[in-house]
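Engineer: This is the structure, below, for whatever I ask next.
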Amino acid sequence: AMAFIIRSALVKNRSLWLPGLSAVRAISSPGGPTPPFTTLSVSQPATAVTHIELHRPEKRNAMNKAFWREMVECFTQIAEDPDCRVVVVSGAGDVFTAGIDLMDMASEVLHPEGDDMARTSWNMRRIIAKYQETFSVIERCPKPVVVAVQGACIGGGVDLITACDIRLCTQDAWFQVKEVDIGLAADVGTLQRLPKVIGSRSLVNELALTARKMYADEAKESGLVSRVFPDKVAMLAGALEMAGEIAGRSPVAVQGTKVNLIYSRDHSVAEGLNYMATWNMSMLQTEDVMKSAAASMEKKSPKTITFSKL
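End of the sequence shown sits at 346 in the working numbering; the numbers just go up one at a time, nothing left out.
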């Protein structure tokens, strides 16, 4: 059973997500994917917190064709949803994800259409770019994304978590850049983002070139994850508590912080400062600053403040 069911007292309702940017929230029975999705369960376990659960436990949450499409649809909606201020991503069952569903994906990936090599290659590039978008959309979403990993996180799972903002795991979690074992270089984000996440380029190279497993303690030591929990229930409780802390702050401040952190990762200090000045020349003109300052002077938590939706 899903750990959030165990914490059912916190679950106010689940979301019924419809195509397009608008989402209609409705009470829905727990335990399976949320229509129209077939691989994701989407709920709102706390105010302004959206929980996305990879939901193919019978397939170890392997990433089939529907998953790659549905993640884009889901995060496109979340990016525009004023009722969401932070996202928690987890996996149903005992395993976060076994990575790409080779049986489901093989026909498209291994046999792209085309009348000659140029046309076949053009189509292959289009396919790869489409799959890269599945995780880039997480990074572009202005809402912070906390990912909670239990058990195996293999191949595409590493691509996914490196696009998230905060990574948590259980003591039994392990991570594997698996692609060289199946004859390819990882192509949807790991090789680009993992070196930005882990300080040691040597360690990144070792993981990517040997496909060895990295276990929770090493993941924590290297900076891949920031916290390790004894089990999934404790981890999801911790993820929800952390999400609540983030959701309680000004959404202008939180989303501006994420956008500028990602910008600074890929630009010089001077460029980052210039972007920050341009950003805050408008974003500082918000009532949130005065509200937050007043609460601070009164020794009150920011979570006591009612901030307007963004």
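Positions of the beta carbon are idealized from the N, C-alpha and C atoms, including for glycine. Because the structure is a prediction, the values reported are computed rather than measured.
Look up Lys249 in the DSSP assignment and give the residues it is bridged to.
Structural biologist: According to DSSP, which records beta bridges pairwise, Lys249 is partnered with Gln212.
Engineer: Going straight from the alpha carbon of Lys327 to that of Asn310, what length do you get?
Structural biologist: One C-alpha to the other measures close to 27 angstroms.
Engineer: Are the CB atoms of Asn100 and Ala134 nearer to each other than 8 angstroms?
Structural biologist: Against a cut-off of 8 angstroms, the Cβ pair of Ala134 and Asn100 comes out as no contact.
Engineer: Based on the DSSP output, what are the partners of Ile190 in its beta bridges?
Structural biologist: Beta-bridge pairing links Ile190 to Gln212.
Engineer: What are the complete beta strand (DSSP E) segments, minimum 3 residues, inside the stretch 227-287?
Structural biologist: For the stretch 227-287, whole beta strand (DSSP E) runs of length 3 or above, ordered along the chain, are 249-251, 263-265.
Engineer: Would you tell me roughly how many angstroms separate the C-alpha atoms of Ser286 and Phe343, rounded to the nearest one?
Structural biologist: Approximately 6 angstroms, taken between the alpha carbons.
Engineer: Using only CA atoms, which one of Val290, Gly235, Ala275 lies nearest to Thr206?
Structural biologist: Cα-wise, what sits closest to Thr206 is Ala275.
Engineer: Smallest Cα separation from Ala270: which of Met319, Val185, Ile282?
Structural biologist: For the residues Met319, Val185, Ile282, the minimum Cα distance to Ala270 belongs to Val185.
Engineer: Beta-carbon within less than 7 angstroms of Pro178's beta-carbon, same chain only, minus the 5 sequence neighbours each way: which residues are those?
Structural biologist: Ala115, Gln291, Lys294, Val295, listed in sequence order.
Engineer: Can you tell me where the beta strand (DSSP E) with Ala184 in it begins and where it stops?
Structural biologist: First-last of the beta strand (DSSP E) with Ala184: 181-185.
Engineer: DSSP three-state call for Arg61: helix, strand or coil?
Structural biologist: Legend: pLDDT at Arg61 = 32, less than 50; position of this residue unreliable, no value from coordinates given.
Engineer: At the level of alpha carbons, what is the spacing between Met107 and Arg176?
Structural biologist: In a straight line, the C-alpha of Met107 is about 13 angstroms away from that of Arg176.
Engineer: Check whether the Cβ atoms of Val288 and Leu260 sit closer than 8 angstroms, and answer yes or no.
Structural biologist: The answer is no: Cβ separation not under 8 angstroms.
Engineer: From Glu334, Ala247, Leu227, pick the residue whose C-alpha is nearest to that of Val213; which is it?
Structural biologist: Here the closest residue by C-alpha is Ala247.
Engineer: Pick out the complete alpha helix (DSSP H) segments inside the stretch 129-188, 4 residues or longer, and give them in chain order.
Structural biologist: Those alpha helix (DSSP H) runs which fall completely within the stretch 129-188 and span 4+ residues are 138-146, 153-176.
Engineer: Can you list, in chain order, the residues of its chain with a C-beta nearer than 7 angstroms to that of Val181? Leave out the 5 residues immediately preceding and following it.
Structural biologist: If we look at Val181 and ignore the five residues flanking it on each side, its Cβ neighbours are Val123, Val125, Ile174, Cys200, Asp201.
Engineer: Using a Cβ-Cβ cut-off of 7 angstroms (strictly less than) and excluding sequence neighbours within five positions of Tyr299, which residues of its own chain qualify?
Structural biologist: Gly308, Tyr311, listed in sequence order.
Engineer: When the Cα of Phe111 is compared with those of Lys345, Pro71, Glu169, which residue comes out closest?
Structural biologist: Closest option to Phe111, Cα to Cα, is Glu169.
Engineer: Judging by CA-CA distance, which residue of Glu277, Pro338, Lys335, Ala313 is the nearest neighbour of Val85?
Structural biologist: The shortest C-alpha separation from Val85 is found at Glu277.
Engineer: One question on the structure: do Ala102 and Thr70 come within less than 8 angstroms of each other, judged by their Cβ atoms?
Structural biologist: Not a contact, by the Cβ cut-off of 8 angstroms.
Engineer: Among Gly67, Gln113, Ser236, whose alpha-carbon lies nearest the alpha-carbon of Gly127?
Structural biologist: That would be Gly67, whose Cα lies nearest to the Cα of Gly127.
Engineer: Which of the three DSSP states is assigned to Trp204 in this structure?
Structural biologist: The question names Trp, but residue 204 in the sequence shown is Leu. The answer is strand: DSSP assigns Leu204 an E or B state.
Engineer: List the whole-angstrom C-beta distance separating Ser262 from Leu204, where the pair is believed to meet the contact cut-off of C-beta under 8 angstroms.
Structural biologist: Yes, they are in contact, since the Cβ atoms of Ser262 and Leu204 sit about 7 angstroms apart, within 8 angstroms.
Engineer: Is it buried or exposed, His87, if we count other Cβ atoms within 10 angstroms and call 16 or more buried?
Structural biologist: It is buried - the Cβ of His87 has at least 16 other Cβ atoms within 10 Å.
Engineer: Report the three-state DSSP secondary structure of Ile88 (helix, strand or coil).
Structural biologist: Reduced to three states, the DSSP call for Ile88 is strand.
Engineer: Just grab the DSSP bridge partners of Val125 for me.
Structural biologist: Paired residues: Ile88, Val183.
Engineer: Under the assumption that Trp210 contacts Lys249 (Cβ atoms under 8 angstroms), give the Cβ distance between them as a whole number of angstroms.
Structural biologist: About 5 angstroms; that satisfies the 8 angstroms criterion.
Engineer: Would you tell me roughly how many angstroms separate the C-alpha atoms of Tyr167 and Asp151, rounded to the nearest one?
Structural biologist: Approximately 23 angstroms, taken between the alpha carbons.
Engineer: Since Asp195 and Phe171 should fall inside the 8 angstroms C-beta cutoff, what is the C-beta to C-beta distance between them, to a whole number of angstroms?
Structural biologist: Contact holds; Cβ gap of about 5 angstroms.
Engineer: I'd like to check one pair, Ile164 with Glu144: are the Cβ atoms closer than 8 angstroms?
Structural biologist: Going by C-beta atoms, Glu144 is not nearer than 8 angstroms to Ile164.
Engineer: State buried or exposed for Gly235, treating a residue as buried only when at least 16 other CB atoms are found within 10 Å of its CB.
Structural biologist: Counting Cβ neighbours within 10 Å, Gly235 comes out exposed, since fewer than 16 surround it.
Engineer: Determine the closest residue to Arg105 out of Leu90, Asp119, Asn241, with distance taken between C-alpha atoms.
Structural biologist: Among Leu90, Asp119, Asn241, the Cα nearest to that of Arg105 belongs to Leu90.
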